[in-house]
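Chemist: Using numbering that gives the first Met the number 0, read the sequence shown as starting at 0 and increasing by one per residue.
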Amino acid sequence: MEKAPFSDEPKELEDFIMKNEEILGDVALLGHQIKLPDGKRIDIWGVDLFDLRPLIIELKNVTVGLEAIPQILPYYTSL
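Here it is as structure tokens:
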């Protein structure tokens with residue numbers, strides 16, 4: 000996998016997004032590092048202001064594709 004150009008640490012990107020949420024457009028960020036009942040954590044949690052759907056951002060330090068979806072889907076049922 001090709002490394003993303005931002006940083007080796009997703010935490011650095013997370014901090015940047017939380018401080019600059021306007022880069023995401025019509026999204027309101029509600030929190031980060033949200034601990035779920037099963038002990039897992041959502042990197043960034045928000046809501047799409049257009050249709051009020053929940054938004055989950057999972058940060059990686061490598062480029063990923065559809066293989067990341069199985070990790071994210073259970074988060075929605077925990078919210």
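Think of the CB as a built atom: it goes at the ideal place given N, C-alpha and C, for glycine as much as any other residue.
It should be emphasised that the depicted structure is a prediction, and the values quoted were computed from it without experimental measurement.
Can you check which of these residues, Y74, P69, L51, D42, is closest to P9 by C-alpha distance?
Modeler: When each option's Cα is compared against that of P9, the closest is D42.
Chemist: For L51, which three-state DSSP category applies?
Modeler: In the structure shown, L51 sits in coil (DSSP, three-state: anything other than H, G, I, E or B).
Chemist: Run through DSSP, which three-state label would D42 get?
Modeler: In this structure, D42 counts as strand in the three-state DSSP scheme.
Chemist: Would a C-beta distance cut-off of 8 Å place M17 and L35 closer than the cut-off?
Modeler: No.
Chemist: Helix, strand or coil for K59, going by three-state DSSP, please let me know.
Modeler: K59 falls in the coil class under three-state DSSP.
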